[in-house]
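Chemist:
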Amino acid sequence: MPYLSADNILLHNQPGHDQVQGGPGGNSSWEREQSMQDRTRSPAPSPDASSPSNTIEARPSGFVPGTTGDEINLESRLTSLALEPRQGRTLVNLGSFRRRSCICPIDKVCPAKNDNQYDCRSLVREHQEWMRIQNRKVKHWLPTTSDLEEIVGETDAVEFIKLLQKVTVQLAPGQSPRALRNALVNLHRSMDRMREKEMTQPVLDNTHIINEIGHFLIDENLRERRTGFVPMATIEDLTRLHRKWLSGDLGVRANRGLLHDGNGGFSTDPEWPHNRSDDYFGHGHLVPAETWRTRAEMHRDGAHGPRVAGIAGTAFIGARSIVMGCYGPEHNTYADRDAGSTIYYMGTALPREDCDKEPTNVKDPVTYPDGQVIASSTGAGPTSSTRAMIRSSTTGRPVRVFRGSQLPENNPFRPPEGYRYDGLYRVVGFRLLKKERQIYEFTLKRLEDTTGVYAQGPLRHAMPPPKVSSVRDKKRRFQGNSPSPVPRASNPWGSERREDKRVRNHITMAE
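Numbering-wise (this note's numbering), the sequence shown opens with residue 26 and increments by one.
#1: If you draw a straight line from the alpha carbon of Gly454 to that of Glu383, how long is it in whole angstroms?
#2: With a CB to CB cut of under 7 Å and the five nearest residues on each side skipped, what residues in its chain are close to Asn436?
#3: Tell me Met257's beta-bridge partners as DSSP assigns them.
#4: Since Asp363 sits in a beta bridge, which residues does DSSP pair it with?
#5: I need the straight-line Cα distance from His213 to Asn386, nearest angstrom please.
#6: Given this structure, state the Cα-to-Cα distance separating Glu190 from Arg332, to the nearest angstrom.
#7: Can at least three beta-carbon pairs, one atom from the segment 473 to 483 and one from the segment 397 to 409, be found at a separation below 8 Å?
#8: Which whole-angstrom value is the C-beta distance of Glu175 and Glu223, which I expect to be below 8 Å?
#9: Please state if the CB of Leu263 and the CB of Ile238 are separated by a distance shorter than 7 Å.
#10: Would you please state the rounded distance, in angstroms, between the beta carbons of Ser366 and Arg471? I believe it to be under 8 Å.
#11: How would you write the range of the beta strand (DSSP E) that Phe306 sits in, first residue to last?
#12: Just to confirm, is the Cβ distance from Ala340 to Arg485 under 7 Å?
#13: Out of Thr225, Arg318, Asp304, Ile243, which has the shortest C-alpha to C-alpha gap to Gly273?
#14: Which residues does DSSP list as the beta-bridge partners of Gln142?
#15: Buried or exposed for Lys187, please, with buried defined as at least 16 other CB atoms from any protein chain shown within 10 angstroms of its CB.
#16: Report the residue from Lys459, Arg150, Phe306 whose alpha carbon sits nearest the alpha carbon of Ile342.
#17: Quick one: residues in its chain with C-beta nearer than 7 Å to the C-beta of Cys135, no 5 flanking neighbours on either side, listed in chain order?
#18: I'd like to check one pair, Arg456 with Asp395: are the Cβ atoms closer than 7 Å?
#19: Are the CB atoms of His329 and Asp304 within a distance shorter than 7 Å?
#20: Taking just the CA atoms, how far does Gly282 sit from Ser292?
#21: Once DSSP output is grouped into helix, strand and coil, what is the label at Gly477?
#22: How many Å lie between Pro301 and His324 at the Cα?
#23: Distance check for Leu247 and Phe467, CA to CA, integer angstroms please.
#24: Can you say whether His267 is buried or exposed, counting buried as having 16 or more other CB atoms within 10 angstroms of its CB?
#25: Taking only three categories from DSSP, how would you classify Met224?
#26: Whole angstroms are fine: how far does the CA of Ser417 sit from the CA of Arg377?
#27: Compute the distance between the beta-carbons of Gln183 and Thr232, then report whether it is under 7 Å.
#28: When the Cα of Ala360 is compared with those of Glu221, Leu458, Asp474, which residue comes out closest?
#29: State the CB to CB distance for the pair Arg445 and Thr316, rounded to an integer number of angstroms; the pair is presumed to be in contact (CB under 8 Å).
#30: With burial defined as no fewer than 16 other Cβ atoms inside 10 Å of the residue's Cβ, what is the status of Ala197: buried or exposed?
#31: Thinking just about the alpha-carbon of each residue, which of Ala334, Tyr393, Pro390 is nearest to the one in Gly372?
#32: Tell me whether Glu315 sits in a helix, a strand or coil according to DSSP, three-state version.
#33: Note down the Cα distance separating Ser201 from His240, rounded to an integer number of angstroms.
#34: Compute the Euclidean distance between the alpha carbons of Leu375 and Asp474, then round it to the nearest angstrom.
#35: In this structure, how does DSSP classify Ile550 when only helix, strand and coil are distinguished?
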């Protein structure tokens with residue numbers, strides 16, 4: 026399955042146009058990361074703790090509203106959506122009494138929480154039960170398949186090159202906007218097919234497809250791309266293919282480069298030549314909107330190292346990356362809040378004392394000043410992972426942000442499957458919420474750079490990771506017995522025809 030369907034090409038990164046989003050080799054063994062609470066985000070231990078009971082009205086899974094990219098407009102729009110009548114909405118009973126719809130995951134002003142609460146949810150995960158569940162899930166995180174990958178033929182590669190050259194021709198002054206639109210749509214459809222198949226070195230050598238993509242992406246052609254309003258989504262997808270093939274990683278099987286370690290966990294294959302480390306800041310070798318099905322793949326590809334924890338980094342250098350989506354039906358969760366370009370992210374907490382039975386979301390009687398680290402009554406300070414986030418707020422180094430499909434269903438930026446890289450954010454502030462547990466909330470803002478080392482396009486709704494096109498599937502299609510299609514992400518504008526009309530109108534206005 027492709028990262029971005031040709032039907033959902035977003036030409037929303039143009040000047041004077043609203044940014045509209047549809048929707049959204051490290052260690053040799055991962056078992057070594059079992060005790061990474063002070064180096065990465067993981068929940069604080071607790072003998073027995075519970076969050077207040079409440080009832081949340083969850084939206085259907087197809088709920089994917091469009092946004093303007095502005096967190097204020099987003100919050101007001103989602104607030105009105107969350108407060109609409111309950112007809113046709115699924116009721117998830119999480120307590121013994123009913124309450125109004127909870128919109129804490131997307132808005133600070135939630136009608137379901139009490140005045141003495143920071144949030145309807147617990148502020149942090151409590152440790153024991155959560156770790157037991159997560160470790161059990163890890164045993165099933167490694168995808169397996171015995172099917173042979175379908176291979177990209179020279180005909181496919183030549184057709185792709187012709188489409189890329191056609192886009193280049195249509196970028197010249199005086200060309201038809203309709204022709205440019207059609208060329209871009211056809212190019213994305215061809216890229217969709219490329220991601221599902223294995224590339225081979227003979228095809229690369231005979232067609233010189235890497236050189237053709239590289240020529241299109243060089244800085245000398247930047248002016249033509251901007252004049253022709255080539256969407257950033259096209260640039261990102263081409264860059265992803267170019268870097269992958271250039272590195273020699275030609276396969277598409279999700280479990281490539283991974284081995285069972287014999288203990289129910291997984292490790293990277295030391296002999297696999299494409300292992301990468303996540304020990305870097307910035308984009309590195311990643312491209313925004315890149316997707317993975319599992320945390321195993323993220324570890325292998327050097328995207329986010331920890332196999333369970335949500336923060337990667339140290340108190341000395343700061344946080345390198347964070348993952349949003351540590352949620353579950355038990356409602357024992359991190360109370361992160363997501364407004365797209367702005368994120369409110371919870372740090373980890375100190376272990377709960379045996380005598381401490383207070384829910385984490387109950388407000389302290391004192392409001393603490395922003396940007397200050399205040400020790401607990403016993404002199405204890407924040408956890409190391411929390412200090413990593415605090416350090417990032419002082420260094421200004423950007424943090425890689427990944428969103429997971431376990432985010433609440435009322436989050437419009439939630440990927441439909443797996444994990445998605447949504448670019449670089451900067452930690453712009455933090456505040457203390459719970460003094461004794463040392464729970465801090467961090468504010469992150471997405472970088473808006475369009476050029477330079479931190480360049481990235483607007484947030485975009487990416488498809489799930491590509492579905493491997495196997496030889497078995499090809500035989501079934503040839504015999505007229507095609508397997509059931511995988512559901513595609515919903516188009517926020519409706520049908521393909523409406524999206525094509527939007528693209529056509531946009532290019533016309535640009536001229």
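Don't be surprised by glycine CBs; every beta carbon is placed ideally from N, CA and C.
On a predicted model such as this, the values are computed, not experimentally measured, just so you know.
Modeler: Here's the rundown:
#1: On the sequence shown, residue 454 is found 429 positions in, with the first residue counted as 1. On the sequence shown, residue 383 is found 358 positions in, with the first residue counted as 1. One C-alpha to the other measures close to 26 Å.
#2: For this step, residue 436 is matched to residue 411 along the sequence shown. Counting only Cβ-Cβ distances below 7 Å, and skipping sequence neighbours, we find Pro130, Ile131, Asp363.
#3: Your numbering for residue 257 matches position 232 in the sequence shown. Looking at the DSSP assignment, Met257 forms no beta bridge with any residue, so it has no partner.
#4: Taking the sequence shown and counting its residues from 1, one reaches residue 363 at position 338. DSSP lists Ile368 as partners of Asp363.
#5: For the purposes of this step, residue 213 is taken as residue 188 along the sequence shown, with counting starting at 1. For the purposes of this step, residue 386 is taken as residue 361 along the sequence shown, with counting starting at 1. It is roughly 46 Å from the alpha-carbon of His213 to the alpha-carbon of Asn386.
#6: Position 165 of the sequence shown, counting from 1, holds the residue named residue 190. Position 307 of the sequence shown, counting from 1, holds the residue named residue 332. The amino acid at residue 190 is misidentified as Glu; the sequence shows Gln. Distance between the alpha carbons of Gln190 and Arg332: 41 Å.
#7: At 8 Å Cβ cutoff, the stretches do not touch.
#8: Locating residue 175 in the sequence shown gives position 150, counting from the first residue. Locating residue 223 in the sequence shown gives position 198, counting from the first residue. Between Glu223 and Glu175 the Cβ distance is about 7 Å, and since that is below 8 Å, they are a contact.
#9: Counting from one through the sequence shown, the residue named residue 238 turns up at place 213. Counting from one through the sequence shown, the residue named residue 263 turns up at place 238. Against a cut-off of 7 Å, the Cβ pair of Leu263 and Ile238 comes out as a contact.
#10: The sequence position of residue 366 within the sequence shown is 341, counting from 1. The sequence position of residue 471 within the sequence shown is 446, counting from 1. That pair is a contact at about 4 Å.
#11: Here residue 306 refers to the residue found at position 281 when the sequence shown is read from its first residue. Looking at the DSSP string, Phe306 is not in any beta strand (DSSP E), and its letter there is neither H nor E.
#12: The residue given as residue 340 occupies position 315 in the sequence shown. The residue given as residue 485 occupies position 460 in the sequence shown. Against a cut-off of 7 Å, the Cβ pair of Arg485 and Ala340 comes out as no contact.
#13: On the sequence shown, position 248 is the one that residue 273 refers to. Per the Cα distances, Thr225.
#14: For this step, residue 142 is matched to residue 117 along the sequence shown. Answer is Val387.
#15: Your numbering for residue 187 matches position 162 in the sequence shown. The C-beta of Lys187 has fewer than 16 other C-beta atoms within 10 Å across all chains shown, which makes the residue exposed.
#16: Along the sequence shown, read from residue 1 onward, the residue named residue 342 stands at position 317. Out of Lys459, Arg150, Phe306, Phe306 has the C-alpha closest to the C-alpha of Ile342.
#17: Along the sequence shown, one-based indexing puts residue 135 at 110. Hits under 7 Å: Cys127, Ile128, Cys129, Cys145.
#18: Taking the sequence shown and counting its residues from 1, one reaches residue 395 at position 370. Taking the sequence shown and counting its residues from 1, one reaches residue 456 at position 431. In this structure, Arg456 lies closer than 7 Å to Asp395 by Cβ.
#19: Sequence index remark: in the sequence shown, residue 304 carries index 279 (1-based). Sequence index remark: in the sequence shown, residue 329 carries index 304 (1-based). Pairing Asp304 with His329 gives a Cβ-Cβ distance that is not under 7 Å.
#20: Reading the sequence shown from its first residue, position 267 is the one you call residue 292. Reading the sequence shown from its first residue, position 257 is the one you call residue 282. So the two alpha carbons sit approximately 9 Å from each other.
#21: The residue you call residue 477 lines up with position 452 of the sequence shown. In the structure shown, Gly477 sits in coil (DSSP, three-state: anything other than H, G, I, E or B).
#22: As a first step, residue 301 is located in the sequence shown; it is residue number 276 there, counting from the start. As a first step, residue 324 is located in the sequence shown; it is residue number 299 there, counting from the start. The sequence shown places Arg at residue 301, rather than the Pro named in the question. Arg301 and His324 have their C-alpha atoms spaced approximately 8 Å apart.
#23: Working through the sequence shown from its first residue, we reach residue 467 at position 442. Working through the sequence shown from its first residue, we reach residue 247 at position 222. Cα to Cα, the separation comes out at about 36 Å.
#24: Here residue 267 refers to the residue found at position 242 of the sequence shown. So His267 ends up on the buried side.
#25: For the purposes of this step, residue 224 is taken as residue 199 along the sequence shown, with counting starting at 1. In this structure, Met224 counts as coil in the three-state DSSP scheme.
#26: As a working mapping, residue 377 is identified with position 352 in the sequence shown. As a working mapping, residue 417 is identified with position 392 in the sequence shown. Arg377 and Ser417: Cα-Cα distance of roughly 26 Å.
#27: Sequence index remark: in the sequence shown, residue 183 carries index 158 (1-based). Sequence index remark: in the sequence shown, residue 232 carries index 207 (1-based). The question names Gln, but residue 183 in the sequence shown is Val. Yes, they are a contact pair.
#28: By 1-based counting over the sequence shown, the position of residue 360 is 335. Comparing Cα-Cα distances from Ala360 to each of Glu221, Leu458, Asp474, the minimum goes to Leu458.
#29: Against the sequence shown, residue 445 aligns to sequence position 420. Against the sequence shown, residue 316 aligns to sequence position 291. Contact holds; Cβ gap of about 5 Å.
#30: The count along the sequence shown starts at 1 and reaches residue 197 at position 172. So Ala197 ends up on the exposed side.
#31: Here the question's residue 372 lines up with position 347 in the sequence shown. The option with the nearest alpha carbon to Gly372 is Ala334.
#32: Sequence index remark: in the sequence shown, residue 315 carries index 290 (1-based). Coil at Glu315, not helix or strand.
#33: As a first step, residue 201 must be located in the sequence shown, where it is residue number 176. As a first step, residue 240 must be located in the sequence shown, where it is residue number 215. Distance between Ser201 and His240, taken at the CA atoms: about 23 Å.
#34: As a first step, residue 375 must be located in the sequence shown, where it is residue number 350. As a first step, residue 474 must be located in the sequence shown, where it is residue number 449. The alpha-carbon atoms of Leu375 and Asp474 are separated by roughly 36 Å.
#35: The requested residue 550 does not occur in the structure, where the chain is confined to residues 26 to 536.
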